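Have a look at the structure below, then the notes.
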Amino acid sequence: MKTISNNEKKYLLNRYKALATGLFLLMAVVFVLSSYLISAHSMRWLSYVRAFSEAAMVGALADWFAVTALFHYPLGLKIPHTNLIQNKKDQIGGNLGDFVVSNFLATENIRPYIAQLKVSNYMAKWLSSESNQKLLVNEIAGHVAGILNEIDQDKAKEWIALQGREMLDLVDFGEILGSGMQYLLEENLHQSAVTQLSSKIRGFILENHDLIRTRVQQQSSAFIPRFIDNSIAEKITLGLAEYFQEVEGDSAHPLRGEIDVQLQRYAQNMRSDESLERHIESLKQGILSSDRLDSYSGAVFSKVKSTLTDELTRQDSTLLKYLRDKSADLAYSLENDPVLQNKIDRWIRLTLYRTFLRKKHLASALISRTVEGWEGKELSEKLELEVGKDLQFIRINGTLVGGLVGLIIYSLSQLFS
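Be aware that the sequence shown starts at 739, since it is given in this note's numbering, and climbs by one per residue.
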């Protein structure tokens, strides 16, 4: 449908106004001429022409008044119930809004259109393009990055610190540590640590053979010969190294059993020993009440923000690649999974229909407020530009129909006179 500019509308309006007015003037000329000829030359048959033109002028004037009264005061005279558009602007806006909602946005009219929606098909076709997948991911990333930049850093730190304090305050560290240690013991996960520790201790002993010999000499009596001290140090070094080698290689070594017993006891004490519980609680409260948690929360927020911003803005980032892969997977699923298609379409239809039912009254309010916000003269001019040209045909038809009715009435009067 071709769009017509306001200048073209004004031209057409003035053209058809001139046509309707010209027809009225033509009828006036015909009336004058026919009246003269009848009077001067006794051309009685022209009385039918005069009757036609006379009635046509009446019809033309009546319809001119009716059409003009919609948009203006006829001849500038403020006659009641004229210039209707301007004077009834607010009422027209309210009625127009109600009319649109009641007739165009009625539930029975909208429901069939919503029921036919198959958005999943369009989504699948659109997402099947790699350029569209990239566009979608970049849009999402841009919005998320924008939200991150809008977050108040100080408030975010305060919120993280507050949440951290609340969470830590609810945590029973004694129970957690005790249960964790109990789990390690039950699963024998601590044995590998004992093995590694034994190996480290044995290595440390062998590497520090000279230190052991020096300490033995320092603790020995001055009357004991140096070679005896060296022999004792050698035996201590080799004995300890051999002992821890046995612990390292023997999963059933007595030392391992003793370690198990001590760890079991310590795990139990963590959950039941009041003094140990008070000590752990004191450490926890020290963390909660110190500025360290505030510092940690700031570091956490800064790290999360910088990491996410980098992932969202760098095109080769792992996050964006993951999102693009998921977009491709979604496109494939939408194309090949009828169950998923139906779920998405049903959800969109239901959501759209519920939203429509809740919000359709806003269309009436929008139309009403928009019309009320217009100047009365502006609204009148807008409507006249849109429909004024067609209303001129009312004037033209009124002229012709009025003339025909007048001719018929005059003919009947002559017939029965």
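All C-beta atoms in this analysis are idealised placements derived from N, C-alpha and C, irrespective of residue type, glycine included.
All of these numbers come straight from a predicted model, not from anything done at the bench.
Give every residue of the same chain whose Cβ lies closer than 6 Å to the Cβ of residue i, excluding the five residues on either side of it in the sequence, and list them in chain order.
i	result
K827	G1114 and L1117
A794	M765, T1137, G1140 and G1141
A1005	G916, M919 and Q920
E972	none
H928	L922
F1165	For the chain, the structure presents residues 739 to 1155; residue 1165 sits outside this window and is missing.
Alpha carbon to alpha carbon, how far is residue i from residue j?
i	j	result
D1067	N859	15 Å
Y921	G995	16 Å
F1131	V1139	12 Å
F1039	D1083	39 Å
D948	S936	20 Å
L1072	N1080	10 Å
T845	V838	12 Å
E726	T1093	This structure cannot settle anything about residue 726, because the visible part of the chain is limited to 739 through 1155.
Y1148	T759	25 Å
Q934	R1062	45 Å
D1054	Q891	27 Å
G831	H779	59 Å
I962	E980	26 Å
S1020	I914	16 Å
N752	D1128	12 Å
V1125	V770	33 Å
H819	N876	59 Å
N1007	E904	26 Å
A862	K872	14 Å
A1069	N847	32 Å
Q956	F965	14 Å
F1154	R1133	31 Å
A1037	T1045	12 Å
N926	N946	31 Å
I776	Y811	38 Å
K757	I1146	A small fix is needed here, since residue 757 is Leu in this sequence, not Lys. Roughly 25 Å separates the two Cα atoms.
S743	L750	11 Å
R1096	A1103	13 Å
N1074	S867	16 Å
N841	K1098	12 Å
T952	G987	30 Å
T1089	I889	30 Å
L1078	H1017	56 Å
Could you check where the alpha helix (DSSP H) with residue i kicks off and where it finishes?
i	result
V770	N744 to H779
I1082	P1076 to K1097
N847	T845 to A853
S867	Element bounds for S867: n/a, residue is neither H nor E.
E945	H928 to E945
I823	L822 to N825
V1143	G1114 to L1153
Y811	Element bounds for Y811: n/a, residue is neither H nor E.
So residue i packs on residue j, CB below 8 Å; how close in whole Å?
i	j	result
L886	K1043	6 Å
L813	I1105	L813 to I1105, Cβ: 33 Å. No contact.
G1111	A789	Not confirmed; about 51 Å, so no contact.
V999	H991	Between H991 and V999 the Cβ distance is about 13 Å, and since that is not below 8 Å, they are no contact.
R1087	A931	The Cβ separation is near 59 Å, so there is no contact.
L978	I943	5 Å
A798	L761	7 Å
L1123	K755	At roughly 12 Å, the Cβ-Cβ gap does not stay under 8 Å, so L1123 and K755 are not in contact.
L822	A800	In fact, because the Cβ distance is near 16 Å, the residues do not count as touching under 8 Å.
So, at 7 Å on beta carbons, what are the nonlocal neighbours of residue i in its own chain, with the 5 sequence-adjacent residues on each side left out?
i	result
S1035	K895, I898, A899 and G902
L764	none
T1047	A883 and L886
Q983	R940
S1207	In this structure the chain extends from 739 to 1155, so residue 1207 is not present and cannot be described.
L1001	M919, L923 and H928
R782	I776
In chain order, what residues of the same chain have a beta carbon less than 8 Å from the beta carbon of residue i, not counting five sequence neighbours either side?
i	result
I974	I950 and V954
A1101	G835, V838, V839 and L843
E1049	S1055, T1056, L1057 and L1058
R849	Y1091
N870	W864
N825	G1114
V857	I1082, D1083 and I1086
K1065	One detail in the question is off: residue 1065 reads as Ser in this sequence, not Lys. Closer than 8 Å at Cβ, skipping near neighbours: L865, Q871, L874 and V875.
Is there a Cβ from chain D that is less than 8 Å from the Cβ of residue i?
i	result
F837	No chain D is part of this structure, which consists of one protein chain only.
Are there any heavy atoms of the ligand SAM lying less than 7 Å away from the beta-carbon of residue i, as far as the coordinates show?
i	result
E896	Among the components modelled here there is no ligand, and therefore nothing to report on the ligand SAM.
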